[in-house]
Amino acid sequence: MPTYVYESIPVGDEVPERFEVFQGMNEERILVHPETGDPVRRVITGGLAVMGKPIRRSTVVNKSLAAATPCGCSRATLAQSIRPNNNKPQLATGKTCHSHGARPHRH
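Below is the structure:
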């Protein structure tokens, strides 16, 4: 249920009193203060809104592109650097990458 803000309608130099009420959206607005019986009005306050486009489930990432890895190396080049000519896989953790023209770095 939403929280609505109400304030008393001041008479003369009185300061209006504000209070919050939990009400259903289909309920009638309050016209008098629940404790004092003084007339009140609903106050329109700012809300919080987050806008943006949702991520689509159909978005496909091409992992052979350079942006697919944190360092900018393509996965294909990374695979070549991990599997040298003897075609035996090597441990990728801590391996220094020299083969694709970038500054040497570890994967």
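Mapping to our numbering: the sequence shown position 14 is 14, numbers consecutive.
Glycine included, every Cβ here is placed at the ideal spot set by N, Cα and C.
Counting along the chain, R18 sits inside the beta strand (DSSP E) bounded by residues R18 to F22. Under the criterion of beta carbons closer than 8 Å, S8 and V50 do not qualify as touching, at roughly 33 Å. Residue pairing of E7 in beta bridges, as defined by DSSP: R18 and R41. Counting only residues of its own chain and dropping the five nearest sequence neighbours on each side, Q23 has a CB closer than 6 Å to the CB of Y4. Sequence-distant partners of T36 (beyond 5 residues in either direction) whose C-beta falls short of 8 Å from its own C-beta, in its chain, are S8. Here the C-alpha atom of Y6 lies approximately 10 Å from the C-alpha atom of P16. Collapsing the DSSP output to three states places V32 in a strand. Contact between V21 and I30 holds, since their C-beta atoms are separated by about 6 Å, short of 8 Å.
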